[in-house]
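Written out below as structure tokens is the structure these notes cover.
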Amino acid sequence: MPELLEEFLPRLPELQMTQNRLQRLVKTACKRQRGLMLLMEDVHNEHNLAAISRSCDAFGVQQVAFTLENPDHFNPSRIPQVTARGAAKWLDYRIFTDGTTNALQTLHSEGWHLLATSLHPGARPLHTVDFTQYEKLVLMVGNEHAGLSPAALEHADQSIYIPMQGFTQSFNVSVAAALCLYEITRQRNASPVDFRISLEDARSLVEDFLQR
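In our numbering, the protein residues as written are 3 to 214.
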């Protein structure tokens, strides 16, 4: 990070920001994770959209995707209202409006490993999966009421669940997303493999941050 900060310091007068502000932008960019994306399918509640986006920012997940499977559950026009403010505005978004199947086929073709959150038989407890074996990992969370669609589960490479000890079967989608991202990030941080984005990508991201 120090060398990247030094590159941008001469531009402080034209950027019209304090050195502390610039340092924070550079530090955040350098801590973003590579090869990790969160995908929301038909998540429609604005509070959940915002909370999940905040968790992505907090855990260094730059890439967030939305897919539309059921128009009755999800209105994509809500997305700009949420993503234009707060921590969410610092993330990059992909919006797939041609159905979950097409979206996941596209991600598969790009080399992403698709990880579904599900209570269906065959799903593994969150903490038993080694997430560091995947260079490109998509965590998929579903609609608040219906969960992930059959199409999403069919195209998933793997399913996980969060073990519970009470009467409740599942967490709110935003809480579940945060817990899963925490475990994935914890494993990546403990790994000898460096899962941070490259210096070149961090430089480009800082330039992008400066325009937001």
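C-beta atoms are modelled at their ideal positions from N, C-alpha and C, and glycine is treated no differently.
query: Could you tell me which whole beta strand (DSSP E) segments of length 3 or greater appear in the segment 113-193?; result: 115-119, 139-143, 160-163
query: Check whether the segment 143-160 and the segment 113-120 touch, using three or more Cβ-Cβ pairs below 8 angstroms as the test.; result: yes
query: Could you give the distance in angstroms between the alpha-carbon of Phe-68 and the alpha-carbon of Leu-51?; result: 10 angstroms
query: Mind pulling the beta strand (DSSP E) runs of 3 or more residues that sit fully within the segment 20-58?; result: 38-43
query: Please look up how many angstroms separate the CB atoms of Ala-89 and Arg-56, rounded, as I've assumed it's under 8 angstroms.; result: 5 angstroms
query: Am I right that Arg-190 and Thr-134 are in contact with their C-beta atoms under 8 angstroms? What's the rounded C-beta distance?; result: 6 angstroms
query: Given that a residue counts as buried once 16 or more other Cβ atoms are within 10 Å of its Cβ, and exposed if not, what is Glu-137?; result: exposed
query: My guess is that Cys-32 and Ala-204 are in contact by the Cβ rule of under 8 angstroms, so how many angstroms apart are they, rounded?; result: 5 angstroms
query: Pull up the DSSP beta-bridge partners for Ala-67, would you.; result: Leu-41, Arg-96
query: Since Ile-54 and Leu-41 are thought to touch, with beta carbons under 8 angstroms apart, how far apart are those beta carbons, to the nearest angstrom?; result: About 10 angstroms separates the two Cβ atoms, so there is no contact after all.
query: Where does Arg-214 fall in DSSP's three states?; result: coil
query: Please work out which residues of its chain come closer than 7 angstroms, Cβ to Cβ, to Arg-214, disregarding the five sequence neighbours upstream and downstream, and give them in chain order.; result: Lys-91, Trp-92
query: For Gln-25, which residues of its own chain have a beta-carbon under 7 angstroms away from its beta-carbon, when the five flanking residues on both sides are left out?; result: Leu-7
query: If you follow the alpha helix (DSSP H) that Ala-89 is in, where does it begin and where does it stop?; result: Counting along the chain, Ala-89 falls outside any alpha helix (DSSP H), and DSSP gives it neither H nor E.
query: Tell me whether Gln-171 is buried or exposed, calling it buried when 16 or more other Cβ atoms sit within 10 Å of its Cβ.; result: exposed
query: Where do the ends of the alpha helix (DSSP H) carrying Asn-104 lie?; result: 102-111
query: Could you tell me the distance, in whole angstroms, from the CA atom of Asp-61 to the CA atom of Ser-206?; result: The question names Asp, but residue 61 in the sequence shown is Phe. Computed Cα separation, rounded: 19 angstroms.
query: Beta carbon of Ser-151, beta carbon of His-122: below 9 angstroms?; result: no
query: Provide the residue(s) that pair with Arg-198 in DSSP beta bridges, ordered along the chain.; result: Gln-35
query: For Glu-71 and Asp-210, I'd like the C-alpha separation in whole angstroms.; result: 31 angstroms
query: Look at the Cβ atom of Leu-38, then the Cβ atom of Phe-197, and state whether they are nearer than 9 angstroms.; result: yes
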